[in-house]
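Some notes on the structure that comes next.
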Amino acid sequence: MHEYDVVIVGARCAGSPLATMLAQAGLEVCIVDQARFPSDTLSTHLVQSHGVAILERLGIRDTLLDLGAVEIDHISLINDDVRIDGEAEPGDLPALCVRRVTLDDVLVKAAEAAGAEVRTSTRVTGMLRDDGRMVGVETGDGPIRARLVVGADGMRSSVAEWVGAREYHVVPGGRMFAVAYFDGVSDSAGHLRIGRVGDNAFIAAPADGLYMAGVGISISESQTFMADRDGSFDRGLRAWPELADLVAGSTRVGPIRMITEWHSFFREAAGPGWALVGDAGHFKDFTPGQGISDALRQVDHLAPAIVAGLAGDLDADLRHWWSWRDDDAWDMYWFASDLGSPGASTPLETRMMRNVSNHPDGARDLIKVFDHQISPWELFSTRRLVLASMQALVDRPGRIGPTLREIVTSAKEQRRREKVRPASVEPLRLPVSIATV
Ligand SMILES: Cc1cc2nc3c(=O)[nH]c(=O)nc-3n(C[C@H](O)[C@H](O)[C@H](O)COP(=O)(O)OP(=O)(O)OC[C@H]3O[C@@H](n4cnc5c(N)ncnc54)[C@H](O)[C@@H]3O)c2cc1C
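Its first residue numbered 7, the sequence shown is counted upward by one per residue in my numbering.
As structure tokens, then:
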């Protein structure tokens with residue numbers, strides 16, 4: 007039977023760019039997806055600027071712009087009565103909003119053009135094993151042998167289940183999320199809005215010809231929401247008048263897509279003959295819109311590890327990459343969990359956001375946090391947390407007890423996270439960057 011260098015299960019924002027990079031580096035790659043592209047999937051599809059830089063290197067940013075991807079040049083972060091407005095930094099490629107039905111199709115075509123063998127409408131049903139090592143996959147159309155199997159098959163990864171990859175640092179999902187598109191919204195310029203108003207979270211932005219609006223409500227209210235999707239979604243939007251005004255008079259296009267059951271996790275990401283990348287190996291709260299650019303970022307480091315590993319010690323290089331991934335994702339993982347926690351903003355959170363909005367560099371630094379340029383804990387440093395804690399007590403003199411409890415709980419949680427923080431790891435360096443091969 008023919009043996010590929012790598013078989014990849016899943017062809018969206020993790021699988022296809024990996025296939026492209028590996029094929030560009032001269033490896034023989036087969037990529038398999040049960041979907042037939044163009045194919046949509048639930049996502050609010052904000053690609054952060056550092057992810058856009060990888061799309062640019064892959065040579066597909068211009069194609070996406072031609073297809074209507076919107077460059078985000080203005081970001082508004084709203085936390086009840088606190089508003090932080092920031093502009094894209096000159097010199098950085100702007101973040102992009104592009105619907106997944108567009109993005110994923112372009113990624114698949116790029117993999118094909120780079121020389122990967124792309125098999126869509128093909129479901130992977132199991133793994134091929136030899137003496138404890140993964141040596142390929144079973145599909146409805148027959149087996150595919152490879153020296154390495156990569157699971158890029160999303161948060162409910164079957165590959166992860168088949169190889170027995172364990173989850174760690176698990177955090178239960180905070181909010182369910184419902185997203186829909188609107189036609190005829192006049193505010194189609196590159197303005198992204200992320201809000202937390204009352205108990206609900208919101209995201210809204212234009213994307214290739216339509217306008218996307220999403221509402222997040224506490225996961226404990228999922229049943230009530232689902233009992234009357236349309237009504238609940240409309241009521242959710244109306245809870246943020248700025249968003250309700252924007253979509254008023256426009257027409258909702260297509261279904262309301264929802265996610266009601268999920269959790270955040272790290273998963274063991276490598277073993278004998280296998281690796282997990284993208285959501286298959288790590289899923290974080292989607293509130294700050296990181297998953298796509300994280301997948302691109304992981305792939306950008308995994309590809310050189312695979313190229314080096316197949317010529318040397320593959321298992322060791324994959325383990326190294328896995329350690330790098332944990333280190334790289336750590337700070338954002340907890341920031342995302344905090345940002346997505348259900349319920350209304352607490353006095354401490356409100357005060358922290360107010361201080362960011364009052365600081366001359368606050369908006370710029372917050373955008374840098376979202377773009378993975380600085381750690382959230384540089385902006386929300388211990389010194390700033392202590393100051394905000396004192397101010398929060400003064401802000402709500404009638405609620406000193408609950409505010410103190412929040413401060414203590416938050417400080418304990420930060421200490422717990424610090425204790426289990428993974429070691430800092432340098433990425434594997436190759437003499438030549440893969441994307442320039
Ligand atoms: C509500 C919501 C909003 C989000 N908003 C954002 C955002 O604004 N910005 C952002 O960056 N991220 C966002 N994310 C996260 C983002 O969508 C994911 O991180 C991203 O899709 C991960 O890509 P992936 O390629 O790893 O997996 P997926 O996109 O899940 O792709 C997995 C692929 O594997 C295929 N597959 C699965 N099993 C098999 C099998 N057995 N055989 C063959 N094929 C298989 C599937 O068909 C699928 O095509 C959001 C997520 C949610 C839920």
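Ideal Cβ positions, reconstructed from N, Cα and C, are used throughout, including at glycine.
These figures come from a predicted structure and were not determined experimentally.
Query raised in the report: Between Thr352 and the rest of its own chain, which residues show a CB-CB distance below 7 Å, the 5 nearest in sequence each way excluded?
Result: The residue labelled residue 352 in the question sits at position 346 within the sequence shown. Excluding its 5 nearest sequence neighbours in each direction, Thr352 has C-beta neighbours in its own chain below 7 Å: Glu412, listed in chain order.
Requested in this report: Compare the C-beta of Ala314 with all C-beta atoms of chain B and state if any pair is closer than 8 Å.
Outcome: The structure shown contains no chain B; it holds only a single protein chain.
Requested in this report: Within 10 angstroms of the Cβ of Ala20, are there 16 or more other Cβ atoms? Answer buried if so, exposed if not.
Outcome: Here the question's residue 20 lines up with position 14 in the sequence shown. Ala20 is classed as buried because its beta carbon has at least 16 other beta carbons within 10 Å across all chains shown.
Query - Residues bridged to His197 (per DSSP) - result: Sequence index remark: in the sequence shown, residue 197 carries index 191 (1-based). DSSP output for His197 lists His80 as bridge partner(s).
Query - Member of Arg67, Asp189, Pro247 and Asp39 whose CA lies at the smallest distance from the CA of Leu102 - result: One-based indexing of the sequence shown puts residue 102 at position 96. The shortest C-alpha separation from Leu102 is found at Arg67.
Requested in this report: Using only the heavy atoms of ligand 1, determine whether one of them is closer than 7 Å to the beta carbon of Ala122.
Outcome: As a position in the sequence shown, residue 122 is number 116, starting the count at 1. No, Cβ of Ala122 sits at least 7 Å from all heavy atoms of ligand 1.
Query - Where Asp147 falls: helix, strand or coil (DSSP) - result: In the sequence shown, the residue the question calls residue 147 occupies position 141. In the structure shown, Asp147 sits in coil (DSSP, three-state: anything other than H, G, I, E or B).
Requested in this report: Just the C-alpha distance for Leu71 and Val104, rounded to the nearest angstrom, thanks.
Outcome: Counted from its first residue, the sequence shown places residue 71 at position 65. Counted from its first residue, the sequence shown places residue 104 at position 98. Rounded to whole angstroms, Leu71 to Val104 spans 9 Å at the Cα level.
Report task. Write down every uninterrupted run of the beta strand (DSSP E) in the region 317-373 whose length is 3 residues or greater and which is fully enclosed by it, in chain order. Result -> Taken in chain order, the whole beta strand (DSSP E) runs of length 3 or more contained in the region 317-373 number zero.
Query raised in the report: Is any heavy atom in ligand 1 found nearer than 7 Å to the beta carbon of Ser164?
Result: The residue given as residue 164 occupies position 158 in the sequence shown. At least one heavy atom of ligand 1 lies closer than 7 Å to the C-beta of Ser164.
Query raised in the report: So what does Val400 bridge to, in DSSP terms?
Result: The sequence position of residue 400 within the sequence shown is 394, counting from 1. In the DSSP assignment, no residue is bridged to Val400.
Requested in this report: Using only the heavy atoms of ligand 1, determine whether one of them is closer than 7 Å to the beta carbon of Thr50.
Outcome: Taking the sequence shown and counting its residues from 1, one reaches residue 50 at position 44. Look at Thr50: its beta carbon is less than 7 Å from one of the heavy atoms in ligand 1.
Requested in this report: Measure the alpha-carbon distance for Pro437 versus Ala245 and round it to whole angstroms.
Outcome: Residue 437 sits at position 431 when you count from the first residue of the sequence shown. Residue 245 sits at position 239 when you count from the first residue of the sequence shown. Residue confidence is low: Pro437 scores 45 on pLDDT, short of 50, so the model does not pin down where it sits. Its coordinate-derived value is still stated next. Straight-line Cα distance between these residues: approximately 53 Å.
Query raised in the report: Closer than 7 Å: is that where the CB of Arg125 sits relative to any heavy atom of ligand 1?
Result: For the purposes of this step, residue 125 is taken as the residue at position 119 of the sequence shown. In this structure, Arg125 has its beta carbon at no less than 7 Å from each heavy atom of ligand 1.
Query raised in the report: So the alpha helix (DSSP H) Leu252 belongs to, where does it begin and stop?
Result: Start at 1 with the first residue of the sequence shown, and residue 252 comes out as number 246. From DSSP, the alpha helix (DSSP H) with Leu252 extends over Pro247 to Val253.
Query raised in the report: If you draw a straight line from the alpha carbon of Met232 to that of Glu424, how long is it in whole angstroms?
Result: As a first step, residue 232 is located in the sequence shown; it is residue number 226 there, counting from the start. As a first step, residue 424 is located in the sequence shown; it is residue number 418 there, counting from the start. Note on geometry: alpha-carbon atoms of Met232 and Glu424 lie some 38 Å from one another.
Requested in this report: State the DSSP-derived secondary structure class of Leu33, mapped to helix, strand or coil.
Outcome: In the sequence shown, residue 33 corresponds to position 27, counting from 1. DSSP places Leu33 in coil when its eight states are reduced to three.
**Report entry** Start and end residues, beta strand (DSSP E) containing Phe43
**Finding:** To locate residue 43, count along the sequence shown from 1; it is residue 37. No beta strand (DSSP E) holds Phe43; DSSP gives it neither H nor E.
Report task. State yes or no: is the C-beta of Val141 within less than 8 Å of the C-beta of Gly315? Result -> Along the sequence shown, read from residue 1 onward, the residue named residue 141 stands at position 135. Along the sequence shown, read from residue 1 onward, the residue named residue 315 stands at position 309. No, the pair does not count as a contact, with Cβ atoms beyond the cut-off.
Query raised in the report: Can you tell which of Ala25, Val15 and Ser363 has the C-alpha that lies nearest to the C-alpha of Arg129?
Result: What you label residue 129 is simply residue 123 of the sequence shown in a count that begins at 1. Nearest of Ala25, Val15 and Ser363 to Arg129, Cα basis: Val15.
Query raised in the report: Do you know offhand how far Met338's Cα is from Pro382's?
Result: For the purposes of this step, residue 338 is taken as the residue at position 332 of the sequence shown. For the purposes of this step, residue 382 is taken as the residue at position 376 of the sequence shown. A straight line joining the alpha-carbon of Met338 with that of Pro382 spans about 7 Å.
Report task. Grab me the residues of Leu52's own chain with a C-beta within less than 8 Å of its C-beta, minus the 5 sequence neighbours each way, in chain order. Result -> As a first step, residue 52 is located in the sequence shown; it is residue number 46 there, counting from the start. Taken in chain order, the residues that qualify are Ile78, Ala101, Leu102, Cys103, Leu198, Ile209, Ala211, Gly295 and Ile298.
Query raised in the report: In the DSSP assignment, what are the bridge partners of Ser270?
Result: Taking the sequence shown and counting its residues from 1, one reaches residue 270 at position 264. Note: Ser270 sits in a beta bridge opposite Val177.
Requested in this report: May I ask which residues mark the beginning and end of the beta strand (DSSP E) holding Glu123?
Outcome: Working through the sequence shown from its first residue, we reach residue 123 at position 117. Looking at the DSSP string, the run of the beta strand (DSSP E) that includes Glu123 is Glu123 to Arg125.
Query raised in the report: Expressed to the nearest angstrom, what Euclidean distance is found between the alpha-carbon atoms of Ser164 and Arg370?
Result: In the sequence shown, residue 164 corresponds to position 158, counting from 1. In the sequence shown, residue 370 corresponds to position 364, counting from 1. Straight-line spacing of the CA atoms in Ser164 and Arg370 works out to 40 Å.
Report task. Specify whether the region 254-270 and the region 185-195 touch according to this definition: at least 3 beta carbon pairs, one from each stretch, less than 8 Å apart. Result -> Yes, the region 254-270 touches the region 185-195.
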